[in-house]
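A.B. asks:
Protein chains: 2
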Amino acid sequence: MNGFVYSVPTTVYFGSDEFRHLGEEVAGLGRTVLLCYGGGSIKRTGLYDRVMGQLAEQGLQVVELSGIEPNPRIGSVREGVRLCKEHDVDVVLAVGGGSTIDCAKFVCAGARSDRDPWDWFADKTIPITDALPLVTVLTLAATGSEMDDTGVISNPELQEKQGRGARVLLPKASFLDPENSYSVPPSQTAAGSADIIAHTLEVYLTTEDDLFFLDTFMEGLLRTVVRFAPVAMRDPTNYEARANLMWASSWAINGFADGGKRHGWSAHPMEHELSAFYDITHGLGLAILLPRWMRHCLDKDPATAGKLAQLAEQVFGVTDPALTEREKAEAGIDALAAFFTDELGLASTLGEIGIGDEHFERMAKKACDGKGGTIHGFVDLEPADVVAIFEACQ
Amino acid sequence: MNGFVYSVPTTVYFGSDEFRHLGEEVAGLGRTVLLCYGGGSIKRTGLYDRVMGQLAEQGLQVVELSGIEPNPRIGSVREGVRLCKEHDVDVVLAVGGGSTIDCAKFVCAGARSDRDPWDWFADKTIPITDALPLVTVLTLAATGSEMDDTGVISNPELQEKQGRGARVLLPKASFLDPENSYSVPPSQTAAGSADIIAHTLEVYLTTEDDLFFLDTFMEGLLRTVVRFAPVAMRDPTNYEARANLMWASSWAINGFADGGKRHGWSAHPMEHELSAFYDITHGLGLAILLPRWMRHCLDKDPATAGKLAQLAEQVFGVTDPALTEREKAEAGIDALAAFFTDELGLASTLGEIGIGDEHFERMAKKACDGKGGTIHGFVDLEPADVVAIFEACQ
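Protein chains in written order, with this note's numbering: chain X, 18 to 411; chain V, 18 to 411.
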């Protein structure tokens, strides 16, 4: 069992009754604010006005970076950096989902550097040592970016989508008001929930020895998402469902579940190629890939059956003592796949979302190259494995 | 469902392979260190030498406060404060269990104040606004003081044992090396495990509406302790068992499980009177009280059966569909009581540990007075309720 360092100093204001502290929290970090947001849905919902009201109450100067894309692009980061430098911004406030927050993280870093921000993705050995302070207002339970120190940025010119992390990118404070996710449509609620499940499974599914306590934590987190995602889809203003999904999203990926595991993530590098080539919704790609990846692992290395059977038992209630470990493992994978399609209504094949096999070889190679040639994880994946998983998704 | 603020910035170095960072962490906070510890067991185990070696490597000045009692006393706090002022101490390093860490917290506060430290317990409205930085090396999985901002101090002259918290008391860093708890004898391992269970149940057992996600977390934490406490008692150098208990101890009480519950704790104020009058081991007192308190709640308010039945199902595997909710609740309480006595070998009555009924009325009144006359919690407890619970423990 490996040791680890746990340190998550982000202050989280959770719940509708805590949102009123936003203005004072931002004001404590500076006087000129870069407000980052996406396509304008926050104006339709009234959130924009509520945020601006609190900033105005504190007498803060506000500069705006709007139009941040889903799968946020390096061009938006560059524009944010330019605005920060032009207006001498002190603090960045991201209002949105993971895309907006990810973009804002690299705006924070770029504002305190003379580099082009893509440098940090092109060469991941270049350290990120300084950044403006970041505050976030979360509107979508999905990526966990509100409580972690990483982000993913796309570069359409290079057909690349790359992740990068650094301690200085961790938000100083995040505001998680479940009501701010009431307007998320069912399809995005489903995709976000699949993303939370994927983050958890990427850590849970490991052959490494680690703490049982963390397994129970992840199993509870998965049961939470399985229980409440369908509720939030049917009843978008259900506070309990939105609250459980939102807090689960942060804890799936803030580092607590990792413990001492030196795991490599598997589904994410594969999905990043799908998103880079086809600009699809990240969580949707993950939901298609996950069950096929798990089945591939089970076939390639029968020793993975134990952990997959544990997942089946603890999360999907597969407890029939007549089943073998392998049968339990398979039943658990089937239950997960059925949850994604039947409960969340997500597409189950790449064909359904317009992805053919024309780039499978190239995407597989890029996914593995990004990990040094092999994706090390629950089982090691070579490009041929990744192609086989893509093919199983057709 | 209430909102809440979550903020736990303590950095935790977990595992044997992380202990080597102690010296540099302390050196980052100052040059003169007050080393706090208890009765000297850390000298027998060699931990003292390992700590001093790291401090010497950094060239730090070390002043010592030793002999800190279980149920630490205000006299030790005062002595620590005196040493800090005399030697111009920059940083306090507590090496031990919850008693040593609790004492060190108020040494940190006292060193930056002109007050007598008991003032903060005699009048809990007096703010604690400044404190020296604190680093801890944990040797016993129990109180969770390594990752929270509170402590409990005894004043034998007044027969009082009081808790108090303040943000500035939160440790800057804590070193959790499971090997440092290998020397904890089975009886203390048992009492510490009972303490972890008590912290969790005090939050879990509530009639307030809160996040399902947090319930699953606490159920997993309880299952962890139920599984590994007996292992650590039988096999004291079992790293896996010690590691699970140690990380569970921190998370039972660091604030995460609280969510938005405005719960009042019930078993702890009752136990604090037992410890104040008889100087017994805290966890042992809790193990005797908890099942009787839960049964009293069930009898006084049948609406508590639902949560108690959930505990029985999720933690103790009481799933027989033929049982009524109340029967499940009772079976869960029985299972907890049996775990304390049969698995942990703890005393099951106050009589066994030499406590008679001579002070029941006075202790009950003090327990309730400390909470404004009534202990508000899972069910509200008046002094007559507390006397009845004490009597059930005879």
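Beta carbons are placed, not taken as given, at the ideal position from N, Cα and C, and that holds for glycine.
Keep in mind that this is a model prediction, so the values were computed, not measured.
Three-state secondary structure (DSSP) at Asn-88(X)?
C.D. replies: If DSSP states are grouped into helix, strand and coil, Asn-88(X) belongs with coil.
A.B. asks: Enumerate in chain order the residues of its own chain whose CB-to-CB distance from Gln-205(V) is below 7 Å, with the five nearest sequence positions on each side excluded.
C.D. replies: For Gln-205(V), where only same-chain residues beyond five positions count, the Cβ hits under 7 Å are Leu-157.
A.B. asks: Can you give me the start and stop residues for the alpha helix (DSSP H) that Glu-74(X) sits inside?
C.D. replies: Segment 64-74, the alpha helix (DSSP H) holding Glu-74(X).
A.B. asks: Return yes when the Cβ of Gly-180(V) is within less than 8 Å of the Cβ of Ser-283(V), no when it is not.
C.D. replies: Not in contact: Ser-283(V) and Gly-180(V) (Cβ atoms no closer than 8 Å).
A.B. asks: Chain X partners of Pro-26(V), CB-CB under 7 Å?
C.D. replies: What Pro-26(V) touches in chain X: Pro-26.
A.B. asks: If the cut is a Cβ gap below 8 Å, which residues of chain B does Arg-244(V) touch?
C.D. replies: Absence of chain B from the displayed structure is noted, the protein chains being X and V.
A.B. asks: I'd like to check one pair, Ala-126(X) with Ala-111(X): are the Cβ atoms closer than 8 Å?
C.D. replies: Taking 8 Å as the Cβ cut-off, Ala-111(X) and Ala-126(X) do not qualify as a contacting pair.
A.B. asks: Is there contact between the segment 309-328 of chain V and the segment 207-225 of chain V, where contact requires at least three CB pairs shorter than 8 Å?
C.D. replies: Yes: at least three Cβ pairs fall under 8 Å.
A.B. asks: Identify which residue in Ala-352(X), Ala-265(X), Phe-230(X) has its Cα closest to the Cα of Gly-277(X).
C.D. replies: Selected option, being the one with the closest Cα: Phe-230(X).
A.B. asks: Does Asp-34(V) come within less than 8 Å of chain X when only Cβ atoms are used?
C.D. replies: Yes, contact with chain X.
A.B. asks: Could you pull out every residue in the same chain whose Cβ sits closer than 6 Å to the Cβ of Tyr-65(X), ignoring the five residues on either side in sequence?
C.D. replies: Answer for Tyr-65(X): Ile-59, listed in chain order.
A.B. asks: When Cβ atoms are compared, which residues of the segment 321-340 of chain V fall closer than 7 Å to chain X?
C.D. replies: From the segment 321-340 of chain V, no residue has a Cβ closer than 7 Å to chain X.
A.B. asks: Can a CB atom of chain X be found closer than 8 Å to the CB of Ala-274(V)?
C.D. replies: Closer than 8 Å: no.
A.B. asks: One question on the structure: do Ala-183(X) and Thr-28(X) come within less than 8 Å of each other, judged by their Cβ atoms?
C.D. replies: No. Outside cutoff.
A.B. asks: How many Å lie between Asn-197(X) and Gly-114(X) at the Cα?
C.D. replies: If I take the Cα positions, the gap works out to 10 Å.
A.B. asks: Counting only C-beta atoms, is Phe-234(V) closer than 8 Å to chain X at any point?
C.D. replies: True, the Cβ-Cβ gap to chain X drops below 8 Å.
A.B. asks: In whole angstroms, what is the alpha-carbon distance linking Ser-171(V) and Asn-88(V)?
C.D. replies: Ser-171(V) and Asn-88(V): Cα-Cα distance of roughly 6 Å.
A.B. asks: Report the residue from Gly-57(X), Val-109(X), Leu-72(X) whose alpha carbon sits nearest the alpha carbon of Ser-200(X).
C.D. replies: Of the listed residues, the one whose Cα sits closest to Ser-200(X) is Gly-57(X).
A.B. asks: How big is the Cα-Cα spacing for Glu-42(V) and Lys-141(X)?
C.D. replies: Using only the alpha carbons, I get a separation of about 27 Å.
A.B. asks: Quick one: is Ala-339(X) buried, meaning 16 or more other Cβ sit within 10 Å of its Cβ, or exposed?
C.D. replies: The residue is exposed, with fewer than 16 neighbouring Cβ atoms inside 10 Å.
A.B. asks: For Gln-78(V), name the three-state secondary structure that DSSP assigns.
C.D. replies: Here Gln-78(V) sits in strand by DSSP.
A.B. asks: Would Glu-257(V) pass as an interface residue toward chain X - the criterion being a Cβ-Cβ separation below 8 Å?
C.D. replies: Output row for Glu-257(V): interface = yes.
A.B. asks: According to DSSP, what are the bridge partners of Cys-53(V)?
C.D. replies: DSSP lists Leu-82(V), Ala-111(V) as partners of Cys-53(V).
A.B. asks: For Ala-320(X), count the other beta carbons within 10 Å of its own beta carbon; 16 or more makes it buried, fewer makes it exposed. Which is it?
C.D. replies: Exposed, by the Cβ-count rule.
A.B. asks: Note the first and the last residue of the continuous beta strand (DSSP E) segment covering Glu-378(X).
C.D. replies: Segment 377-386 is the alpha helix (DSSP H) holding Glu-378(X); no beta strand (DSSP E) there.
A.B. asks: Is the separation between the beta-carbon of Ile-214(X) and that of Leu-239(X) shorter than 8 Å?
C.D. replies: For Ile-214(X) and Leu-239(X), yes; Cβs fall inside 8 Å.
A.B. asks: Should Tyr-295(V) be flagged as near chain X, meaning a C-beta pair shorter than 8 Å?
C.D. replies: For Tyr-295(V), the answer is no, since every Cβ of chain X falls outside 8 Å of its Cβ.
A.B. asks: Got a sec, what are the start and stop residues for the alpha helix (DSSP H) Thr-233(X) sits in?
C.D. replies: Unbroken alpha helix (DSSP H) run through Thr-233(X): 229-251.
A.B. asks: Alpha carbon to alpha carbon, what distance is there between Val-169(V) and Asp-119(V)?
C.D. replies: Rounded to the nearest angstrom, the two C-alpha atoms are 6 Å apart.
A.B. asks: For Leu-218(V), which of Ala-401(V), Gly-40(V), Asp-275(V) has the nearest alpha-carbon?
C.D. replies: The candidate whose alpha carbon is nearest that of Leu-218(V) is Asp-275(V).
A.B. asks: Give the range of the alpha helix (DSSP H) segment to which Ser-191(X) is assigned.
C.D. replies: Segment 190-193 is the beta strand (DSSP E) holding Ser-191(X); no alpha helix (DSSP H) there.
A.B. asks: In its own chain, which residues sit with a C-beta less than 6 Å from the C-beta of Gly-97(X), not counting the 5 before and 5 after it?
C.D. replies: Same-chain partners within the cutoff: Leu-82, Val-124.
A.B. asks: Return the CA-CA distance between Ser-266(X) and Ala-304(V), expressed in angstroms with no decimal places.
C.D. replies: Near 35 Å, if we compare the C-alpha coordinates of Ala-304(V) and Ser-266(X).
A.B. asks: Counting only the same chain and skipping the five closest in sequence on each side, list residues whose C-beta sits under 8 Å from that of Asp-252(X).
C.D. replies: Result list for Asp-252(X): Ala-258, in chain order.
A.B. asks: Could you tell me whether any Cβ in chain V is nearer than 8 Å to the Cβ of Tyr-23(X)?
C.D. replies: Yes, Tyr-23(X) lies at the interface with chain V (some Cβ there is under 8 Å from its Cβ).
A.B. asks: Under 7 Å between beta-carbons, which chain X residues line up against Ala-260(V)? List them in chain order, please.
C.D. replies: In chain order: Met-18, Leu-228.
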